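Take a look at the structure below.
Residue numbers (my numbering): 14 to 185.
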């Protein structure tokens, strides 16, 4: 799986490539840039491939979180079943009924505490992963915004240059 930095670099490279086409274009129309259609569609396809990887990563994080929570629930059930089994064994002997109840309560309480701790750890883990994912989304979005700003600036500069050239020709 391609790491996050490589995906972001790939997206940035594709935006740079689009900008390069805009700068190299020899035939200008007002507010338009000519890009070879094969290159345009290839870049679009590569961007589509890079962005779903970020989405897939988010889905994997959610799957891991769900798995962690499911494991915690299974462990909780196992601990409770063990505690209940032990309680039944202890209760079967009348001489130690009080001890059995006390021990069972302690086991159940420990199981609850362990379960709560497992849930807390699962939530902390998920929060950490989602924070990292959010940061990556923010970086990607910032890269895309910067690319769009550069393209708009380039288009404005180009439009102003063409308008000035047309005006000079009219006055001549």
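Note that the Cβ used here is the ideal one computed from N, Cα and C, for glycine as well. All of these numbers come straight from a predicted model, not from anything done at the bench.
Among the options, the one whose alpha carbon lies nearest that of residue i
i           : options               : result
residue 86  : 138, 31 and 132       : 132
residue 167 : 79, 37, 135 and 62    : 37
residue 116 : 102, 127 and 128      : 102
residue 143 : 20, 76 and 25         : 76
residue 160 : 50, 181 and 30        : 30
residue 48  : 96, 32, 59 and 61     : 32
residue 150 : 100, 69 and 26        : 69
residue 137 : 58, 78, 148 and 62    : 78
residue 83  : 173, 112, 22 and 129  : 129
residue 22  : 140, 120, 156 and 80  : 156
residue 95  : 111, 122, 180 and 140 : 122
residue 1   : 180, 98, 182 and 173  : A question about residue 1 goes unanswered here, because the residues of the chain that appear run from 14 up to 185.
Expected contact under 8 angstroms - CB spacing of residue i and residue j to nearest Å
i           : j           : result
residue 89  : residue 124 : 6 angstroms
residue 56  : residue 153 : Their Cβ separation, rounded to whole angstroms, is 16 angstroms, which puts residue 56 and residue 153 out of contact at 8 angstroms.
residue 74  : residue 28  : Not really, about 26 angstroms apart at Cβ, beyond 8 angstroms.
residue 164 : residue 35  : 6 angstroms
residue 92  : residue 118 : With a Cβ gap of about 14 angstroms, residue 92 and residue 118 do not count as contacting.
residue 63  : residue 99  : About 54 angstroms separates the two Cβ atoms, so there is no contact after all.
Residue i, DSSP secondary structure in three states
i           : result
residue 16  : coil
residue 105 : coil
>> Suppose only complete runs of 3+ residues qualify. What are the beta strand (DSSP E) ranges in the stretch 83-162, listed by chain order?
In response: Counting only runs of 3 or more, we get nothing.
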